[in-house]
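Number of protein chains: 4
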Amino acid sequence: MASTFGNRIKVSIFGQSHSKGIGVSLDNIPAGMVLDEEKLGAFLERRAPGRDENMTQRKEEDKPEFLSGFMEDEQGRLVTCGAPISAIIRNNDAKSEDYEELKDIPRPGHADFTAHIKYGGFEDYRSGGHLSGRLTAPLCVAGGIALQVLEQLGIRVSAEIDEIGGQKIESREQADALIEEVKDEGDSLGGIIKCTVSGMYAGVGDPIFDGVENRISQAVFGIPAVKGIEFGAGFAAASMKGSENNDPFVIDGEGNVRTETNNSGGILGGITSGGDITLRVAFKPTPSIAKEQKSISYSKGESENLVVKGRHDPCIVPRAVPVVEAAVAIAILDMVL
Amino acid sequence: MASTFGNRIKVSIFGQSHSKGIGVSLDNIPAGMVLDEEKLGAFLERRAPGRDENMTQRKEEDKPEFLSGFMEDEQGRLVTCGAPISAIIRNNDAKSEDYEELKDIPRPGHADFTAHIKYGGFEDYRSGGHLSGRLTAPLCVAGGIALQVLEQLGIRVSAEIDEIGGQKIESREQADALIEEVKDEGDSLGGIIKCTVSGMYAGVGDPIFDGVENRISQAVFGIPAVKGIEFGAGFAAASMKGSENNDPFVIDGEGNVRTETNNSGGILGGITSGGDITLRVAFKPTPSIAKEQKSISYSKGESENLVVKGRHDPCIVPRAVPVVEAAVAIAILDMVL
Amino acid sequence: MASTFGNRIKVSIFGQSHSKGIGVSLDNIPAGMVLDEEKLGAFLERRAPGRDENMTQRKEEDKPEFLSGFMEDEQGRLVTCGAPISAIIRNNDAKSEDYEELKDIPRPGHADFTAHIKYGGFEDYRSGGHLSGRLTAPLCVAGGIALQVLEQLGIRVSAEIDEIGGQKIESREQADALIEEVKDEGDSLGGIIKCTVSGMYAGVGDPIFDGVENRISQAVFGIPAVKGIEFGAGFAAASMKGSENNDPFVIDGEGNVRTETNNSGGILGGITSGGDITLRVAFKPTPSIAKEQKSISYSKGESENLVVKGRHDPCIVPRAVPVVEAAVAIAILDMVL
Amino acid sequence: MASTFGNRIKVSIFGQSHSKGIGVSLDNIPAGMVLDEEKLGAFLERRAPGRDENMTQRKEEDKPEFLSGFMEDEQGRLVTCGAPISAIIRNNDAKSEDYEELKDIPRPGHADFTAHIKYGGFEDYRSGGHLSGRLTAPLCVAGGIALQVLEQLGIRVSAEIDEIGGQKIESREQADALIEEVKDEGDSLGGIIKCTVSGMYAGVGDPIFDGVENRISQAVFGIPAVKGIEFGAGFAAASMKGSENNDPFVIDGEGNVRTETNNSGGILGGITSGGDITLRVAFKPTPSIAKEQKSISYSKGESENLVVKGRHDPCIVPRAVPVVEAAVAIAILDMVL
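Residue numbers (numbering that gives the first Met the number 0), protein chains in the order written: chain A, 0 to 336; chain B, 0 to 336; chain C, 0 to 336; chain D, 0 to 336.
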């Protein structure tokens, strides 16, 4: 019932887009793990705003300050000590004045209205408050650490853009061109990210409500703008016959049981088969667009058009790639520890 | 980490396909609710096997016996008393001899192999054990009760077949014809079920990891054979522009804020908007098919073909419709209590 | 928020004293464990009513029927298969007519009144309903299994009577004499049970809210009539000086770090030290006594004296000994798995 | 399995005694609550070190910085906005050099050894790391907020010193004199704190494992040095007869059902009766004493005497009074929301 995830690990995300800071507490990470700070920095950089001319212009350093959870070893490296890891990020470049209007007029496609109802008018209306995409920064801090722990277990999580605006994406240039185009229209695009977990061993995941699909979904729908998820052949499997969709078992060169195909996405009965976990995640287009939109005024109780101000990505899919990796990594780590 | 669901309510499902019995414990249902047993029976009947010539031939009475959680009122009706509700169903028509072969040869597309690894060879290999579709019977008992509680709150959950084998379904006859055909081939079909939650009020759901999509997904992936889920426009939203996908806010005749369209599926930022919650669930084709399939023998360590015996639905989608309602109802009830 | 316990295992207890049955679901017990049914039976027998002339006269067979969670091996032994274990016990000897009066007049010292308020008058008022000591039967089924799993890990939990009615107990005869005496007075006695967990290895338990004391307390207060718990020197430590209470560290013959004394009860900072865990549990006297007591009538809104009918233990402490073992075993197992 | 508490609220505590900072995330506090910062400051001041000549000499400002969870209203007051509240406190006055010796020689009565085993030698050995009493500062931030929410519901939690070193305490002077004396000896004292929750309404708490005693215990054992807890008559009830211990029901002047006595501590069957909740908590003496103590050296594998350096309270009981209030308030709030 909260911004908290995990059965074995505990991820607690806090902060609002325009509060003093945002952050995360991450508990139950094994002691003795050396954090590669440079690698974490590079991972966070992939999500960071303002790195690209098509991307949101808010410039945040976004370097997490770790308050706890580590000891320094003799080389000055951070080593987990078994205590909860906590990291905070200051919100320095927040321009709250851009959002005064949103106090009264909710942005279509955003959580402004639903938060207004849920929190009885006390919500932080500035740029989505706690429900802002900015909260994916602490999610990525936790996920970046999870990725490093998983790597030490031989498990790799990697995501990439699959589609933008309905088009299969082969290159970053192609993606950029599509985004450039829609930006010029004052509009936005959604897309699909696919993700693969390799090196996954068999037998992970629990029956019924705590299977791999259940757990990954719970984490991935924690990313704003996600509206669908599928594993393996996913929705396409619904059009297949059993004889096509079933993955035959074979014994590989090393004497291990493998499946010849991987329509199951590496998951049978909620439990990993030893094959790669594969999934695809659907993102809706960024709701903040430059075009005028129909909304309502709470105070006037009538319709009122809105032009959303501020800096917004015309397509968040490129920056969401590491966020998907982060969410999936957290879910996987929670099951393998 | 278990066959348990819920933050506010607690659903615990137990049993194996061929154990003495299966059942469910359902805790935190409000006291004072009158159970309509006839309605529950009719609901369970929709899922029950052996009701149709195309459906699995296993005949089970499948009437739950309630051991606790109710008091009888003066008219002999069952009224919840605040104690955990428990219901058991005996497994009477289990033919375990059909499954001896599966001890050594896992069925493709089933959880036989993954359970074998997870439980170190001690798994109940008879018809999927705890990972069998049969466990959707106690899920439907819990879900049927949840549906009745929700109805008293003015909330209705209803699902229907959307597609079978890639074809849009307009009538039960059409569905039956498709299934008949594939049955004759000794093969099976998957499909898509769509579900609508109406009467839902705004402000339900929690941020980030406990949003409505996260919670419904965690429940729905508890249904065997589900490989994908989407809310509102879902995967189609990934091909839309923001100006198309955003649902404009309007004020309806009664002065309430509504959205003009419902691409969001009634959920913004994980929180309900007051519109209908809409979702679609992808089912893979039944993995048990009459055709010979490639598998392996654990004992021989080599390939071995398998013909799955026993009684199987060539398409579980029709019987899965109430199961989707049950899973969604449980998730919704867990959020509104 | 429920009759459910466990982070790693999941114990769900259901049933009411006079419902059709009571039972338990126990999830996440490792697969491959052989259940010694005879040993479990002997354990349950220690708690069973009607075994002794001083004890409650309700005669229940109280043999659990296992519906799931096991496979039979070739010798007919029950072996865990990884699926949730479920066990039910029928309530055969329930005489509900004894309790009709309690519908209107709550018994002092019992949960009749508090359940009445909590469940808005819909509570099962017959002999405490779900809040009856009878629910310790399924707790002992779960606990008896937990004890067997722990034993395979070299961990033993054993409890004994420490005091009854304020007197140190050296023998069963002494206890029986005290109870006999109070029974003749139409009154009842409480007492203290001490419990030791031996073979416990160091490093178990989590910081702050999930330490060994926190977890054992959460389980042990699940036993009706428990009003206090202490670990190691407990309340007596509050009167000691640091130099007396601190347990000096020493290295034993095998080169292991041990403490010379064990005032800490084997727990430092919530984490086991490798010494025996020791604890004492205070039980209030059985609230059901033969003497007339002051109570009130809900319907009349005025005072009304009550003589509690039915069969009651004048002291539940002897039968509570295995229940303490069960609760502690569940808590320990939840931490070591 | 973590430094996390709560079913309805979520308290996550992080930090180590000598890490950069400590803090807490507190989720699910209702939106719209005005925080009285002055009152919170006064509450935290009661726990703060260095305020008294008998108390630990570490001087920390210990003023929490709130990063999120609030909006400022027009008067500049902090109002909860429904987002997780997060607060951090910097560790400014940490003298880590005092603790280098403890890397190799664990302090008797502390968690140094048990953390060493649990975290495989990677533990933060500086002053107890995450298992330090310093972590009660963020616990008090969360508890101080919980107290304010409870107060708005008419519920008050107040604790006081009951005993120090085995002596009943009537005045602060008496307590100070006892502590002064033991300080001069280079030793330390424990004590007992009693706590009362008034204004509690009936019907709060859940059966079996989530009763009021279970939940309060889980929170209170989160305070370092607590070794026992009892409710109402507690251990004394074990020496009483049923006729003495049972609290007779009466109807008070306003027509409400009350108990004439309160041996139950306001809790029957784990559920509140409407009477005051009363409890007593036993604290062991501060393990850090000036006297030389027997310990061992990990590196040498042999006995080694230790004189604990640094600044330590000879009795933590006076400073623990608000900490007990904080822990109890968190547990109560988790049950009433």
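Glycine included, every Cβ here is placed at the ideal spot set by N, Cα and C. Nothing here was measured: the structure is a model prediction, and the numbers come from that model.
Contact under 8 Å by Cβ, residue i with residue j
i: A201(B); j: T271(B); result: yes
i: G338(D); j: I228(C); result: For chain D, the structure presents residues 0 to 336; residue 338(D) sits outside this window and is missing.
i: G277(A); j: F230(A); result: As written in the sequence, residue 277(A) is Thr, which differs from the Gly given in the question. Contact flag set, yes.
i: G198(B); j: G241(A); result: no
i: D123(B); j: S18(B); result: yes
i: V23(B); j: I12(B); result: yes
i: C314(B); j: S187(B); result: yes
i: S2(B); j: N213(A); result: no
i: I84(A); j: I144(A); result: yes
i: A47(D); j: P63(D); result: no
i: G14(C); j: L152(B); result: no
i: I192(D); j: F282(D); result: yes
i: F234(B); j: F234(A); result: yes
i: E37(C); j: S157(C); result: no
i: I163(A); j: L134(B); result: no
i: F69(D); j: L34(D); result: yes
Among the options, the one whose alpha carbon lies nearest that of residue i
i: A41(B); options: A30(B), P105(B), N27(B) and A136(B); result: A136(B)
i: R106(C); options: V33(C), P317(C), Y297(C) and V307(C); result: V307(C)
i: G185(C); options: M334(C), A330(C), D312(C) and P29(C); result: D312(C)
i: N304(D); options: V249(C), S287(C), K290(C) and A319(C); result: V249(C)
i: A30(A); options: G269(A), T260(A), R45(A) and A82(A); result: A82(A)
i: V280(C); options: D251(C), V316(C), K290(C) and S296(C); result: V316(C)
i: G268(B); options: S296(A), Y297(A) and G128(A); result: G128(A)
i: P223(A); options: L177(A), E301(A), G132(A) and K167(A); result: G132(A)
i: G254(D); options: G273(C), P247(C) and S302(C); result: S302(C)
Bounding residues of the beta strand (DSSP E) (the contiguous stretch that carries residue i)
i: G190(C); result: G190 to S197
i: D26(D); result: G20 to D26
i: S157(B); result: R155 to I163
i: N304(A); result: E301 to L305
i: V249(A); result: F248 to I250
Start-to-end residues for the alpha helix (DSSP H) that takes in residue i
i: D175(B); result: R171 to D183
i: I104(A); result: From DSSP, I104(A) is part of no alpha helix (DSSP H); its letter is neither H nor E.
i: R214(A); result: V211 to V219
i: R46(C); result: E36 to R46
i: I295(A); result: No alpha helix (DSSP H) contains I295(A), which is instead part of the beta strand (DSSP E) from Q292 to S296.
i: L146(D); result: T135 to Q151
Reduced DSSP category for residue i - H, G, I as helix; E, B as strand; rest coil
i: G227(C); result: strand
i: F112(D); result: helix
i: R318(A); result: helix
i: Q15(D); result: coil
i: T3(A); result: strand
i: F282(B); result: strand
Please list, in chain order, the residues of the stretch 230–251 of chain D that have any C-beta partner in chain C closer than 7 Å. So the close ones are F230, G231, A232, G233, F234, A236, A237, S238, M239, K240, G241, S242, N244, N245, D246, P247, F248, V249 and I250.
Please name the residues in the stretch 173–193 of chain B whose beta-carbon is closer than 7 Å to at least one beta-carbon of chain A, in chain order. V181, D186, S187, L188, G189, G190 and I191
Along the stretch 123–136 of chain D, where does the CB come closer than 8 Å to a CB of chain A? Name the residues. D123, G128 and H129
Near-chain D residues of the stretch 138–155 of chain A - C-beta to any C-beta below 7 Å: none
Could you name the residues of the stretch 65–91 of chain D whose beta carbon sits closer than 8 Å to any beta carbon of chain A, in the order they occur along the chain? F65, L66, S67, G68, F69, M70, V78, T79, C80, G81, A82, P83, I84, S85 and I87
What residues in the stretch 100–116 of chain D bring their beta carbon closer than 9 Å to a beta carbon of chain A? Of all residues in the stretch 100–116 of chain D, only A114 place a beta-carbon less than 9 Å from a beta-carbon of chain A.
Mind listing which residues of the stretch 259–270 of chain A have their C-beta closer than 9 Å to chain B's C-betas, in chain order? E259, N262, S263, G264, I266, L267, G268, G269 and I270
Taking a Cβ distance cut-off of 7 Å, strictly less, list which residues of the stretch 194–215 of chain C are near chain D, in chain order. A201, G202, D205, P206, I207, F208, D209, G210, E212 and N213
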